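Using the working numbering, read the sequence shown as starting at 7 and increasing by one per residue.
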Amino acid sequence: MRVIKFLLITVIVLGLAGYGVYHFGMQFISKKVAETVTIELADSGQIEAVKHAVEQNATLAGYMDEAKVADLSELPFTTKEEATKVLIQKVGVTALNDIRVKAENGTLSQEEIIQEIQEKLTPEEQLALKVIIYQELYK
7 MRVIKFLLIT
17 VIVLGLAGYG
27 VYHFGMQFIS
37 KKVAETVTIE
47 LADSGQIEAV
57 KHAVEQNATL
67 AGYMDEAKVA
77 DLSELPFTTK
87 EEATKVLIQK
97 VGVTALNDIR
107 VKAENGTLSQ
117 EEIIQEIQEK
127 LTPEEQLALK
137 VIIYQELYK
């Protein structure tokens with residue numbers, strides 16, 4: 007009986023510890039990724055280039071128009087950190103890194119990137135992501 011009690015308590019403690027590490031680890035990673043991307047874009051001066059690229063692409067410009075009129079109270083998330091967390095959970099770190107590498111190499115088009123992200127996110131999450139991108143570009 008003592009062995010069963012000990013094993014049960016051990017399993018519960020390890021489960022709680024694992025959940026805590028996962029939860030706080032995801033928060034830490036999502037904050038760090040959001041900060042890094044923001045700093046890199048600001049330091050490299052690429053924000054204006056990104057704005058110009060968005061305005062020149064009809065699909066992306068349409069997404070920004072959609073984000074302008076979105077009802078913020080109905081979005082599943084509203085911060086960069088929450089968006090990063092959802093992307094990591096739904097798409098995965100490995101898949102996001104693969105997308106980044108392929109985009110840098112030019113082997114993945116904008117349409118393919120958009121399609122890959124849209125397949126993983128709900129329409130509400132997609133809209134929330136568009137709103138956050140809009141806020142970051144035009145703040």
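Idealized CB from N, CA, C, for every residue including glycine.
Just so it is clear, the structure is predicted and the values come from calculations on it, not from any experiment.
Alpha helix (DSSP H) segment containing residue i, residue limits
| i | result |
| --- | --- |
| residue 4 | Residue numbering for the chain in the displayed model covers 7 to 145; residue 4 lies beyond these limits and cannot be assessed. |
| residue 140 | 129 to 143 |
CB contact flag (residue i, residue j, <8 Å)
| i | j | result |
| --- | --- | --- |
| residue 134 | residue 119 | no |
| residue 138 | residue 91 | no |
| residue 53 | residue 143 | yes |
| residue 66 | residue 130 | no |
Distance, residue j Cα to residue i Cα
| i | j | result |
| --- | --- | --- |
| residue 121 | residue 21 | 36 Å |
| residue 127 | residue 97 | 8 Å |
| residue 111 | residue 100 | 16 Å |
Contacts around residue i, its chain only, beta-carbon distance under 8 Å, and the 5 residues preceding and following it disregarded
| i | result |
| --- | --- |
| residue 63 | 116 |
Beta-carbon contacts of residue i that lie in its chain and below 6 Å, excluding the five residues immediately before and after
| i | result |
| --- | --- |
| residue 153 | The question about residue 153 has no answer here: the residues shown for the chain are numbered 7 through 145. |
Inspect the CB distances between the region 21 to 38 and the region 102 to 113 and report whether three or more fall short of 8 Å. no
For the region 19 to 32 and the region 67 to 76, state whether three or more C-beta atom pairs, one from each stretch, are separated by less than 8 Å. no
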